[in-house]
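Numbering (my numbering), first residue to last: 1430 to 1638. For glycine and all other residues, C-beta sits at the position ideal for the given N, C-alpha and C.
And the structure:
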(Lines of atoms letter the chains of each structure in order from A and count residues from 1; the text may use other names and numbers.)
(Lines give C-alpha, C1' and ligand atoms only; values in the text may rest on other atoms or scores of the structure.)
Protein backbone atom coordinates (compact mmCIF):
# COMPACT_ATOMS: atom_id res chain seq x y z
CA UNK A 1 0.00 0.00 0.00
CA UNK A 2 2.79 2.40 0.94
CA UNK A 3 4.64 1.51 -2.27
CA UNK A 4 1.57 2.21 -4.41
CA UNK A 5 1.03 5.55 -2.65
CA UNK A 6 4.69 6.46 -3.15
CA UNK A 7 4.47 5.65 -6.89
CA UNK A 8 1.32 7.77 -7.16
CA UNK A 9 3.10 10.75 -5.58
CA UNK A 10 6.06 10.35 -7.96
CA UNK A 11 3.73 10.26 -10.99
CA UNK A 12 1.92 13.40 -9.80
CA UNK A 13 5.22 15.22 -9.38
CA UNK A 14 6.49 14.17 -12.81
CA UNK A 15 3.24 15.20 -14.51
CA UNK A 16 3.27 18.50 -12.64
CA UNK A 17 6.78 19.20 -13.88
CA UNK A 18 5.82 18.35 -17.47
CA UNK A 19 2.73 20.55 -17.32
CA UNK A 20 4.73 23.40 -15.79
CA UNK A 21 7.21 23.10 -18.65
CA UNK A 22 4.33 23.39 -21.11
CA UNK A 23 2.87 26.43 -19.38
CA UNK A 24 6.17 28.28 -19.12
CA UNK A 25 7.67 27.66 -22.55
CA UNK A 26 7.51 31.15 -24.10
CA UNK A 27 7.48 30.14 -27.76
CA UNK A 28 4.85 27.44 -27.32
CA UNK A 29 2.60 29.86 -25.46
CA UNK A 30 3.19 32.55 -28.09
CA UNK A 31 2.17 30.20 -30.91
CA UNK A 32 -0.94 29.02 -29.07
CA UNK A 33 -1.96 32.57 -28.17
CA UNK A 34 -1.56 33.77 -31.76
CA UNK A 35 -3.54 30.84 -33.11
CA UNK A 36 -6.32 31.46 -30.58
CA UNK A 37 -6.87 34.95 -32.03
CA UNK A 38 -7.85 33.29 -35.31
CA UNK A 39 -11.09 31.93 -33.87
CA UNK A 40 -13.82 33.99 -35.56
CA UNK A 41 -11.10 36.39 -36.70
CA UNK A 42 -11.76 39.44 -38.84
CA UNK A 43 -9.35 40.47 -41.59
CA UNK A 44 -7.44 42.85 -39.29
CA UNK A 45 -6.82 40.12 -36.70
CA UNK A 46 -5.81 37.62 -39.40
CA UNK A 47 -3.28 40.10 -40.82
CA UNK A 48 -1.88 40.71 -37.34
CA UNK A 49 -1.42 36.97 -36.87
CA UNK A 50 0.26 36.77 -40.28
CA UNK A 51 2.67 39.51 -39.23
CA UNK A 52 3.46 37.73 -35.96
CA UNK A 53 4.25 34.46 -37.74
CA UNK A 54 6.37 36.24 -40.34
CA UNK A 55 8.53 37.77 -37.62
CA UNK A 56 9.00 34.45 -35.81
CA UNK A 57 11.75 32.17 -37.16
CA UNK A 58 11.39 29.38 -34.58
CA UNK A 59 8.53 27.44 -36.17
CA UNK A 60 7.94 25.42 -39.32
CA UNK A 61 4.91 23.82 -40.98
CA UNK A 62 4.00 20.28 -39.90
CA UNK A 63 3.24 19.16 -43.43
CA UNK A 64 5.15 15.88 -43.17
CA UNK A 65 2.10 14.11 -41.69
CA UNK A 66 -0.05 12.43 -44.32
CA UNK A 67 -3.71 13.34 -44.78
CA UNK A 68 -6.06 10.93 -43.00
CA UNK A 69 -9.15 9.57 -44.74
CA UNK A 70 -11.29 10.85 -41.87
CA UNK A 71 -10.24 14.44 -42.41
CA UNK A 72 -12.79 16.91 -43.72
CA UNK A 73 -11.85 19.71 -46.09
CA UNK A 74 -11.29 23.12 -44.54
CA UNK A 75 -13.88 25.26 -46.31
CA UNK A 76 -15.68 28.50 -45.52
CA UNK A 77 -15.15 30.78 -42.54
CA UNK A 78 -15.59 28.24 -39.74
CA UNK A 79 -11.88 27.48 -39.44
CA UNK A 80 -8.71 29.14 -38.18
CA UNK A 81 -7.41 29.68 -41.74
CA UNK A 82 -3.97 28.99 -40.29
CA UNK A 83 -2.61 27.04 -43.24
CA UNK A 84 -3.00 30.09 -45.48
CA UNK A 85 -0.78 32.01 -43.07
CA UNK A 86 1.78 29.21 -42.91
CA UNK A 87 1.87 29.01 -46.71
CA UNK A 88 2.49 32.74 -47.03
CA UNK A 89 5.32 32.45 -44.51
CA UNK A 90 6.89 29.40 -46.15
CA UNK A 91 10.06 31.32 -47.06
CA UNK A 92 10.44 32.96 -43.64
CA UNK A 93 13.81 31.29 -42.96
CA UNK A 94 16.27 32.14 -45.74
CA UNK A 95 19.07 29.99 -44.30
CA UNK A 96 17.46 26.79 -45.60
CA UNK A 97 18.83 25.20 -48.77
CA UNK A 98 17.54 22.64 -51.23
CA UNK A 99 17.40 19.18 -49.70
CA UNK A 100 16.53 20.31 -46.18
CA UNK A 101 13.29 19.06 -44.64
CA UNK A 102 11.47 22.39 -44.16
CA UNK A 103 8.87 20.64 -41.98
CA UNK A 104 8.51 19.06 -38.54
CA UNK A 105 11.29 16.58 -39.37
CA UNK A 106 13.76 19.41 -39.75
CA UNK A 107 16.57 19.53 -37.14
CA UNK A 108 16.63 23.34 -37.35
CA UNK A 109 13.22 23.66 -35.69
CA UNK A 110 11.74 22.70 -32.32
CA UNK A 111 8.21 23.90 -33.11
CA UNK A 112 5.85 22.84 -35.88
CA UNK A 113 2.14 23.27 -36.48
CA UNK A 114 -0.70 22.70 -38.93
CA UNK A 115 -4.49 22.93 -39.20
CA UNK A 116 -6.56 19.86 -40.05
CA UNK A 117 -10.30 19.14 -40.16
CA UNK A 118 -11.79 16.06 -38.47
CA UNK A 119 -15.11 14.60 -39.56
CA UNK A 120 -17.79 14.23 -36.91
CA UNK A 121 -17.81 10.91 -35.03
CA UNK A 122 -14.42 10.03 -36.51
CA UNK A 123 -10.78 9.61 -35.51
CA UNK A 124 -7.66 10.64 -37.38
CA UNK A 125 -4.19 9.17 -36.91
CA UNK A 126 -0.88 10.86 -37.68
CA UNK A 127 2.56 9.28 -37.51
CA UNK A 128 5.73 11.29 -37.09
CA UNK A 129 9.40 10.59 -36.48
CA UNK A 130 12.55 12.71 -36.10
CA UNK A 131 11.39 13.76 -32.65
CA UNK A 132 13.83 13.75 -29.74
CA UNK A 133 13.42 13.95 -25.99
CA UNK A 134 10.25 15.17 -24.28
CA UNK A 135 7.33 16.14 -26.49
CA UNK A 136 4.40 18.47 -26.01
CA UNK A 137 1.39 18.69 -28.30
CA UNK A 138 -1.35 21.30 -28.09
CA UNK A 139 -4.55 20.44 -29.97
CA UNK A 140 -6.78 23.47 -30.40
CA UNK A 141 -10.37 22.88 -31.61
CA UNK A 142 -11.90 25.76 -33.56
CA UNK A 143 -14.98 25.81 -31.35
CA UNK A 144 -13.93 24.68 -27.85
CA UNK A 145 -17.45 25.27 -26.50
CA UNK A 146 -19.00 22.51 -28.65
CA UNK A 147 -15.96 20.37 -29.45
CA UNK A 148 -15.72 16.87 -28.02
CA UNK A 149 -12.11 16.06 -28.74
CA UNK A 150 -10.03 13.24 -27.26
CA UNK A 151 -6.29 12.90 -27.83
CA UNK A 152 -4.11 9.83 -27.37
CA UNK A 153 -0.46 9.20 -28.21
CA UNK A 154 1.59 6.09 -28.86
CA UNK A 155 5.37 5.75 -28.92
CA UNK A 156 6.25 2.74 -31.08
CA UNK A 157 2.67 1.49 -30.44
CA UNK A 158 3.01 1.89 -26.65
CA UNK A 159 0.48 4.29 -25.06
CA UNK A 160 2.26 7.34 -23.66
CA UNK A 161 1.53 10.82 -22.40
CA UNK A 162 -0.82 12.68 -20.08
CA UNK A 163 -3.48 15.14 -21.19
CA UNK A 164 -4.92 18.22 -19.56
CA UNK A 165 -7.36 20.92 -20.64
CA UNK A 166 -6.34 24.57 -20.88
CA UNK A 167 -9.16 26.95 -21.91
CA UNK A 168 -10.67 24.31 -24.18
CA UNK A 169 -7.34 23.28 -25.71
CA UNK A 170 -5.93 19.81 -25.08
CA UNK A 171 -2.34 19.72 -23.85
CA UNK A 172 -0.59 16.37 -24.31
CA UNK A 173 2.71 15.95 -22.45
CA UNK A 174 4.99 13.02 -23.29
CA UNK A 175 7.83 12.60 -20.82
CA UNK A 176 9.17 9.40 -22.43
CA UNK A 177 12.37 10.29 -24.23
CA UNK A 178 11.95 9.85 -27.97
CA UNK A 179 14.79 9.27 -30.43
CA UNK A 180 14.75 10.14 -34.13
CA UNK A 181 13.92 6.61 -35.31
CA UNK A 182 10.92 6.30 -32.96
CA UNK A 183 7.41 6.61 -34.35
CA UNK A 184 4.97 8.81 -32.45
CA UNK A 185 1.36 8.20 -33.44
CA UNK A 186 -1.12 10.90 -32.52
CA UNK A 187 -4.79 9.86 -32.51
CA UNK A 188 -7.41 12.62 -32.33
CA UNK A 189 -11.06 11.64 -31.96
CA UNK A 190 -13.96 13.98 -32.70
CA UNK A 191 -16.98 12.48 -30.96
CA UNK A 192 -19.06 15.61 -31.53
CA UNK A 193 -21.96 16.09 -33.93
CA UNK A 194 -20.14 18.48 -36.25
CA UNK A 195 -16.95 18.48 -38.28
CA UNK A 196 -14.22 20.24 -36.34
CA UNK A 197 -11.08 22.06 -37.53
CA UNK A 198 -8.19 21.66 -35.12
CA UNK A 199 -4.71 23.15 -34.94
CA UNK A 200 -1.89 20.83 -33.87
CA UNK A 201 1.23 22.38 -32.35
CA UNK A 202 4.27 20.27 -31.47
CA UNK A 203 7.16 21.28 -29.23
CA UNK A 204 10.00 18.90 -30.05
CA UNK A 205 12.24 19.74 -27.08
CA UNK A 206 15.22 17.52 -28.03
CA UNK A 207 15.81 17.39 -24.25
CA UNK A 208 15.62 14.36 -21.99
CA UNK A 209 13.94 14.28 -18.59
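Quick check: what's the CA-CA separation for residue i versus residue j?
i	j	result
residue 1522	residue 1608	Bear in mind that a pLDDT of 48 at residue 1522, under 50, signals an unreliable position, so the model cannot answer this.
residue 1475	residue 1543	16 Å
residue 1574	residue 1585	33 Å
residue 1411	residue 1494	Any answer about residue 1411 is impossible in this case: the structure gives the chain only from 1430 up to 1638.
residue 1526	residue 1559	The predicted model places residue 1526 with a pLDDT of 47, which falls under 50 and marks its position as unreliable, so this point remains unresolved.
residue 1620	residue 1637	34 Å
residue 1502	residue 1595	26 Å
residue 1464	residue 1628	8 Å
residue 1462	residue 1598	11 Å
From this set, the options, which residue's C-alpha is nearest residue i's C-alpha?
i	options	result
residue 1539	1620, 1570, 1460, 1638	1460
residue 1469	1511, 1488, 1615, 1611	1511
residue 1631	1477, 1467, 1488	1488
residue 1555	1477, 1612, 1589, 1458	1612
residue 1507	1576, 1591, 1557	1576
Can you check DSSP and say which residues form a bridge with residue i?
i	result
residue 1614	1556, 1583
residue 1602	1565, 1591
residue 1608	According to DSSP, which records beta bridges pairwise, residue 1608 is partnered with nothing at all.
residue 1627	1545, 1570
Apart from the five residues just before and just after residue i, which ones in its own chain have a Cβ nearer than 8 Å to its Cβ?
i	result
residue 1479	1514, 1517, 1518
residue 1624	1501, 1546, 1547, 1548, 1549
residue 1532	1489, 1490, 1491, 1492, 1493, 1541
Can a CB atom of chain B be found closer than 8 Å to the CB of residue i?
i	result
residue 1511	Protein chain content of the structure displayed is limited to a single chain, and chain B is not contained in it.
Quick one: residues in its chain with C-beta nearer than 7 Å to the C-beta of residue i, no 5 flanking neighbours on either side, listed in chain order?
i	result
residue 1561	1607, 1608, 1609, 1633, 1635
Report task. Please go through the segment 1472-1548 and give each complete beta strand (DSSP E) segment of 3 or more residues, from N-terminal end onward. Result -> 1488-1490, 1540-1547
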